[in-house]
Ligand SMILES: [Mg+2]
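Shown next, in the form of structure tokens:
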């Protein structure tokens with residue numbers, strides 16, 4: 039079986055992953071509303087429409103950049119992030135400020151490297167938006183990690199944030215690869231082989247070790263589930279959860295959301311990775327309740 043490497047084939051896969059990401063983001067964020075807590079316990083759906091957050095807004099820029107440039111052009115990506123930045127979509131304060139400054143003519147290279155006293159952000163923003171890029175590069179997981187690496191820098195320059203993005207892109211590429219989704223173990227082994235030594239990688243090794251654990255809450259307590267909103271306390275658990283739910287979007291969503299934490303982001307990552315695979319499409323009803331993807335995206339991908 040071969041993978042469709044035409045620009046249209048790549049775009050179709052990236053959009054399928056983006057839809058999965060948007061549903062995870064939008065539905066996950068509903069459970070920050072206290073009135074919806076009881077629904078989460080019994081896996082009930084809140085009434086629509088479910089609005090997506092910064093995860094989907096930024097992921098749309100990633101897909102738009104790929105559609106136009108056929109790779110990650112960092113300046114184009116930074117421009118798209120800044121241009122489409124909607125303050126009310128739940129961005130972190132540092133990224134809010136950075137994107138406003140880029141919009142006012144600032145240089146993302148200087149601004150992003152100066153964040154957090156020159157360490158760069160180690161938040162999960164680079165990872166939460168990148169699964170569709172992995173789907174785009176289903177024919178070349180190594181290239182997926184390379185492009186994910188350069189896609190991180192316009193906002194996230196700390197090593198952990200960059201590796202978090204590489205890991206998620208690798209997972210989506212391996213899930214979208216011909217032959218259908220790999221086994222959970224093969225997926226995490228494949229990701230670990232593609233990312234450099236880091237706290238994210240150490241977390242992934244631990245996640246690999248815990249694939250047979252039935253108790254998701256314990257695993258989330260060990261690996262972290264985004265409560266610190268860092269790449270290394272978000273990505274290992276999200277990929278553990280995605281690996282166990284390949285081909286079953288609903289199960290992946292609920293298992294991820296039910297442990298709490300940074301639910302829009304963990305569910306965006308799981309949704310984007312699972313939906314990168316042919317068998318991982320979200321339920322139609324869920325897609326229908328989710329706010330439609332941004333209008334500017336359809337304009338970009340059509341041009
Ligand atoms: Mg968000």
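Residue numbers (our numbering): 39 to 341.
Ideal Cβ positions, reconstructed from N, Cα and C, are used throughout, including at glycine.
These numbers were taken from a predicted model, which means no experiment stands behind them.
Delimiting residues of the alpha helix (DSSP H) encompassing residue 291: In the chain shown, the residue the question calls residue 291 occupies position 253. Counting along the chain, the alpha helix (DSSP H) containing residue 291 begins and ends at 287-295.
When you get a sec, list the residues whose CB is within less than 5 angstroms of any heavy atom of ligand 1, chain order please. 91, 92, 93, 128 and 302
Taking C-alpha atoms, which residue in 287, 337, 256 and 335 lies nearest to residue 59? Here residue 59 refers to the residue found at position 21 of the chain shown. It is 287.
Look at the Cβ atom of residue 222, then the Cβ atom of residue 281, and state whether they are nearer than 8 angstroms. One-based indexing of the chain shown puts residue 222 at position 184. One-based indexing of the chain shown puts residue 281 at position 243. Yes, the Cβ-Cβ distance between residue 222 and residue 281 is below 8 angstroms.
What does the Cβ neighbour count give for residue 95, buried or exposed, with the cut at 16 atoms within 10 Å? On the chain shown, residue 95 is found 57 positions in, with the first residue counted as 1. The residue is buried, with at least 16 neighbouring Cβ atoms inside 10 Å.
Residue from 338, 231, 337 and 316 with nearest C-alpha to residue 42: In the chain shown, residue 42 corresponds to position 4, counting from 1. Selected option, being the one with the closest Cα: 316.
Less than 8 angstroms separating the beta-carbons of residue 165 and residue 137? Sequence index remark: in the chain shown, residue 165 carries index 127 (1-based). Sequence index remark: in the chain shown, residue 137 carries index 99 (1-based). No, the Cβ-Cβ distance between residue 165 and residue 137 is not below 8 angstroms.
Give me the Cβ distance between residue 295 and residue 169, rounded to the nearest whole Å; I'm assuming they're in contact under 8 angstroms. For this step, residue 295 is matched to residue 257 along the chain shown. For this step, residue 169 is matched to residue 131 along the chain shown. 17 angstroms between Cβ atoms; not a contact.
Determine the burial state of residue 154: buried for a count of at least 16 other Cβ atoms within 10 Å of its Cβ, exposed for fewer. As a first step, residue 154 must be located in the chain shown, where it is residue number 116. Exposed: under 16 other Cβ atoms inside 10 Å.
Could you check where the alpha helix (DSSP H) with residue 121 kicks off and where it finishes? To locate residue 121, count along the chain shown from 1; it is residue 83. Here the alpha helix (DSSP H) through residue 121 covers 112-121.
Three Cβ pairs or more, each shorter than 8 angstroms: is that satisfied between the segment 201-214 and the segment 123-137? no
Three or more C-beta pairs below 8 angstroms linking the segment 225-234 and the segment 257-264: no
My output table needs one value for residue 144: the three-state DSSP class, helix, strand or coil. Numbered from its first residue, the chain shown carries residue 144 at position 106. Looking at residue 144 - three-state DSSP - the assignment turns out to be coil, as it is neither helix nor strand.
Anyone know if the C-beta pair for residue 263 and residue 308 falls short of 8 angstroms? Indexing the chain shown from 1 puts residue 263 at position 225. Indexing the chain shown from 1 puts residue 308 at position 270. No, these two residues do not count as a Cβ contact at 8 angstroms.
In the DSSP assignment, what residue or residues form a beta bridge with residue 213? Along the chain shown, one-based indexing puts residue 213 at 175. Residue 213 pairs with nothing; no bridge assigned.
Count the other C-beta atoms from every protein chain shown that fall within 10 angstroms of the C-beta of residue 157, then say buried if there are 16 or more, exposed otherwise. Working through the chain shown from its first residue, we reach residue 157 at position 119. With fewer than 16 other Cβ atoms within 10 Å, it is exposed.
Would a C-beta distance cut-off of 8 angstroms place residue 194 and residue 161 closer than the cut-off? Walking along the chain shown from the start, residue 194 turns up at place 156. Walking along the chain shown from the start, residue 161 turns up at place 123. Against a cut-off of 8 angstroms, the Cβ pair of residue 161 and residue 194 comes out as a contact.
Can you list, in chain order, the stretches of the alpha helix (DSSP H) that have 4 or more residues and sit fully within the segment 235-286? 237-247, 254-261 and 273-282
Just to confirm the assignment: which complete alpha helix (DSSP H) runs, minimum length 4, are found wholly within the segment 155-179? 163-166 and 169-174
Note down, in chain order, each residue of its chain lying with its Cβ closer than 8 angstroms to the Cβ of residue 248, except the 5 sequence neighbours on either side. Translated into positions along the chain shown, residue 248 becomes position 210. Counting only Cβ-Cβ distances below 8 angstroms, and skipping sequence neighbours, we find 257, 260, 261 and 278.
Alpha carbon to alpha carbon, how far is residue 334 from residue 301? Give it in angstroms, no decimals. Numbered from its first residue, the chain shown carries residue 301 at position 263. Numbered from its first residue, the chain shown carries residue 334 at position 296. Approximately 26 angstroms between the Cα atoms of the pair.
Helix, strand or coil at residue 90 [DSSP, three-state]: As a working mapping, residue 90 is identified with position 52 in the chain shown. Three-state DSSP puts residue 90 in coil, outside helix and strand.
Give me the DSSP bridge partner(s) of residue 328. Taking the chain shown and counting its residues from 1, one reaches residue 328 at position 290. 88.
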